[in-house]
Every structure is written in C-alpha cells, then in structure tokens.
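Take a look at the structure below.
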Amino acid sequence: MEKRAWRTWLADYLTFSRRERIAILLLVGMVLVIWIVPRFWLPSPQPVLITDSVIRAIRSVPVVPVRPLRPFDPNTLDEKGWVSLGVALPVAQRIIRYRERGGQFKQPGEIGKIYGMDPDLVTKLLPFVSIAAYGQRHRRRQGAWQYDLRRDTMHYAAGTYRRQFNAGIKSNYPDRGATVVSLDINTADSLAWMTLPGIGPVLAGRIVRYRDRLGGFYAREQLREIYGTDTSLWHRLSGRIRIGEPVTVRQLSLNDASRDDLSSHPYIRWRLATAILRYRETHGPFRDIRELRQIHVLSDSLYQKLLPYWKIH
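For the sequence shown, the numbering used here begins at 1213 and goes up steadily by one.
Dropping the structure here:
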C-alpha cells in the first residue's frame, strides 16, 4: 500500500501536460543553441599585427627623461627642471608665472598650492624640497617649532597650509606698515588669489568659477556670496581687493537669451527664467529693463542685484 502511494505521488510530480512538454523542449533547444552557436559560427579573434610603420611611430614619440630625485629649491628651479621632476609642462609654466609675479615658496608644503599639481607627485617630492630661507629660519627658531614632513604632507592633503607657532614667533601676515598690493577681483586668476591670506587652491578656484558664471563682479561685496568666504576672511581681504575701472560685466540680452542662458546665471533660478520667457512670449520683446518689475517672482532686492547684468539689445 505504501509502495503504491509513493508511485502515485511520484507520477503526480513527474507527469506534464502537452503544453508543459512543449515548453520544456523549447527551453532545452534554446540552451543548446546558445551553447553551440558561439563555437561554430562566431569568428575567432584576429591577431593584432604591429607593422613597421606603427613601430616607427612609437619610436618617434619623444621621451622626457626623468632624472633621479635630488634636493631642489622651488624658488629657483627653472621650467625644464620642473618637467624633469615629473611635473606636467602647463603646471611648470604656471609655477614660473607665479614666481614672476612675486610669489615665493616659504615652506615645502606650499608647492601643493599650485593648481593642477598631482597630489601623489607632491608627496613624492616633499622630502627633496630644499628652501634656503626656510632652512635658515628653521635653524634660528629651533626649539620654537619643528618642521614635520608627515604633518606638512597632511596639511597639504587637507588644503590647510598652516605653520606652528610658539610665543615670540611672528605670524604669516604682513606687518602693519608693509605695502599691501590691491588685487583686481575681475582679472585675478587662481594663482593671484592664492597670494592673499586665507585663500587656498580650492577657494581660489571656486571664486574664479563663480566670477565666470556671474559674468564679472560689479561690487566687492559679491565675494561674500561664495561659500567659504566668511566674515573673518572678508575683514582680512577687504583692504586687499578692488574692482578696476571701468567696471564691465558680461550682460544677458533680455530679448535673445534662452532659458538655459538665463538659468545658468547664479542669480536666476529656473522658475524666474521660465517667467521671463513667458512674459516675453505674452507681451513681446522687452523695451525697457524696468518691465521686469511686472514679473511677480522677481523680488525688488533680486531686481537690483541683477540690474547690471541686463541689456535690451
């Protein structure tokens, strides 16, 4: 009796209807096709042939020799010297321009402030940086502070280039009687910005990008809109920056600018850009900038901020 029950149970689970048998056969057939086709019909990979012309082209590529690392002074090393250390040519040229404008490296970690410098290369070069003035100060102040290569590397990676001071050591900031060079915020590049106190490569790049999106600054206070320029930094910079005369900014045409052109400006949100286009489609071309006051989503304060960036034609 038990044997018969077992056979009945097995028959129930191993018996298939006609449709189920067809489905199983189709599935098995598909598996066989997928397995067989690649082995008989797909072409075998062709060997890669390296011709004489390819070999000549490879040999014609100039090889820049990289000399073994040895101590160097970043304040005197020329362009070829930087390239021989593995620094990219545009970065080496940027370093030379930085020095020609009066910039100086006061401690080894400051080579990482140069925009475009490879962080791994900076870490590799730091032990070989030899700055004469830095070494003299270090010997005179021995006991007051010590240069720590690992700490300097960490400061570079974190984007903070700070010195350690004990009592009696002068700060990095110029003396009160020193001549302060005023920086034109509409023409200064990122290297020029990094000569100001409190501005590293990240903030310098952020300022230049924001200025490009704006179309230029018409007031110094616009710098305070940039993330990272807090009140304390603003007080340190306010006496060192200016706007050159005449003040010129890139303007947007109210009658020609597209929605993307408008919304790419930092002061114009997508909603305002859409409202301006709808007003233009409904009322025709703008004849006077003051017509913008008819757009309800544009507040009075934002209207005043945007005023220098508009033009009719």
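Cβ coordinates follow ideal geometry from the N, Cα and C atoms, glycine included. Given the structure is predicted, the values throughout are model-derived calculations rather than measurements.
- According to DSSP, Trp1522 shares a beta bridge with Leu1464.
- In the three-state DSSP reduction, Ile1453 falls in the strand class (E or B).
- Pro1286 and Asn1467 have their C-alpha atoms roughly 52 Å apart.
- As computed with DSSP, Leu1395 is found in a beta bridge with Ile1453.
- For Glu1433, no alpha helix (DSSP H) segment is defined, and its DSSP state is neither H nor E.
- In the three-state reduction of the DSSP assignment, Phe1340 falls in the helix class, which pools H, G and I.
- 8 Å or more divides the Cβ of Ala1487 from the Cβ of Ile1501.
- For Thr1494, the enclosing alpha helix (DSSP H) has its first and last residue at 1482–1495.
- Contact holds between the segment 1517–1525 and the segment 1470–1489, because three or more Cβ pairs, one in each stretch, are under 8 Å apart.
- Tyr1521 and Ser1444 have their C-alpha atoms some 29 Å from each other.
- The Cβ-Cβ distance between Gly1440 and Asn1398 does not fall below 8 Å.
- Here the alpha carbons of Glu1312 and Leu1474 stand approximately 39 Å from one another.
- Judged by beta-carbon spacing, Gly1328 lies within the 8 Å limit of Ala1300, meaning their Cβ atoms are closer than that value.
- Using a Cβ distance threshold of 8 Å, Tyr1491 and Val1461 do not count as a contacting pair.
- Under DSSP, Phe1284 forms a beta bridge with Val1341.
- With 16 or more other Cβ atoms from the protein chains shown falling within 10 Å of its own Cβ, Met1406 counts as buried.
- Between Leu1297 and Leu1338 the beta-carbon gap is near 12 Å, outside 8 Å, which marks them as no contact.
- Residue environment: Pro1320 is assigned as buried (16 or more neighbouring CB atoms within 10 Å of its CB, all protein chains considered).
- In the DSSP assignment, Val1459 falls outside any alpha helix (DSSP H) and carries neither an H nor an E.
- Using a 10 angstroms sphere on the CB of Ser1402, the tally of other CB atoms reaches 16 or more, which defines it as buried.
- If you draw a straight line from the Cα of Leu1484 to the Cα of Trp1247, it is about 59 Å long.
- Exposed is the label assigned to Val1249, since fewer than 16 other Cβ atoms lie within 10 Å of its Cβ.
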